[in-house]
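So the structure is just underneath, and the comments pick up after that.
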Amino acid sequence: MTTSSTPGLARFNTQAAPEAAAALHEVCASGHWGSLILSRRPYATPEALLLANDAATAELSEKDLAEAMAGHPPIGRPEPGDPTSAREQRGMADASDELRAEMLALNLAYQERFGHVFLICATGATGEQMRDALRARIANPPEREREIVRAELGKINRVRLTRLVQDS
Numbered sequence: 173m174t175t176s177s178t179p180g181l182a183r184f185n186t187q188a189a190p191e192a193a194a195a196l197h198e199v200c201a202s203g204h205w206g207s208l209i210l211s212r213r214p215y216a217t218p219e220a221l222l223l224a225n226d227a228a229t230a231e232l233s234e235k236d237l238a239e240a241m242a243g244h245p246p247i248g249r250p251e252p253g254d255p256t257s258a259r260e261q262r263g264m265a266d267a268s269d270e271l272r273a274e275m276l277a278l279n280l281a282y283q284e285r286f287g288h289v290f291l292i293c294a295t296g297a298t299g300e301q302m303r304d305a306l307r308a309r310i311a312n313p314p315e316r317e318r319e320i321v322r323a324e325l326g327k328i329n330r331v332r333l334t335r336l337v338q339d340s
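In structure tokens:
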């Protein structure tokens, strides 16, 4: 991102609150996160927006994190018709049936253990990399996993915010 304002950022800064809130909900399903980002407008630079994301993500309660995670489909099963989840999970698009079956089993085991979807910033990751991360993280203590989830959510939000304010 550049260090100056962009037309996309200017548009976001001047959008009516309901439209900006709807756009932010597409970035992150946590209403509290969206409210925090909205309340800090206008942003002088895209980097300022990304830093606000970092701060807002750090402030999320357990309930807010759960709300944010509920907006993410399981890895390997993007929401039908949702170009964002399909783009982000592109690494699974050509996965073998064996890898897909393993991801399904690991996702279910993870959800059973932690009570929520496995959250990873999948942009640019291969199916094998996502599987390996899932294998490694399923053994984490819940407190450690919660902090990893928060960090991954922040990364996902950064990718999505960057797309939101890119020049048209």
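Here the sequence shown is numbered in the working numbering, starting from 173 and rising by one per residue.
By construction, the Cβ of each residue, glycine as well, lies at the ideal position given by its N, Cα and C atoms.
- For N312, the three-state secondary structure derived from DSSP is coil.
- Rounded to whole angstroms, E219 and S233 show a C-alpha spacing of 24 Å.
- The region 251 to 261 and the region 224 to 238 do not touch, with fewer than three beta-carbon pairs separated by less than 8 Å.
- Ranking P252, C293 and P245 by CA distance to the CA of R332 puts C293 first.
- Taking a contact as a CB-CB distance under 8 Å, the pair G180 and V337 counts as one, their CB atoms being some 4 Å apart.
- Excluding sequence positions up to five before and after E324, its CB lies within less than 7 Å of the CB of L291, I292 and C293, all in the same chain and listed in chain order.
- Straight-line spacing of the CA atoms in H244 and M302 works out to 15 Å.
- Within the region 198 to 264, the complete alpha helix (DSSP H) runs of at least 4 residues fall at 203 to 211, 218 to 231, 234 to 241 and 255 to 260.
- When only Cα atoms are considered, E270 and N185 end up about 46 Å apart.
- Excluding its 5 nearest sequence neighbours in each direction, N279 has C-beta neighbours in its own chain below 6 Å: P246 and F290, listed in chain order.
- Here R309 is buried, its C-beta having at least 16 other C-beta atoms within 10 Å.
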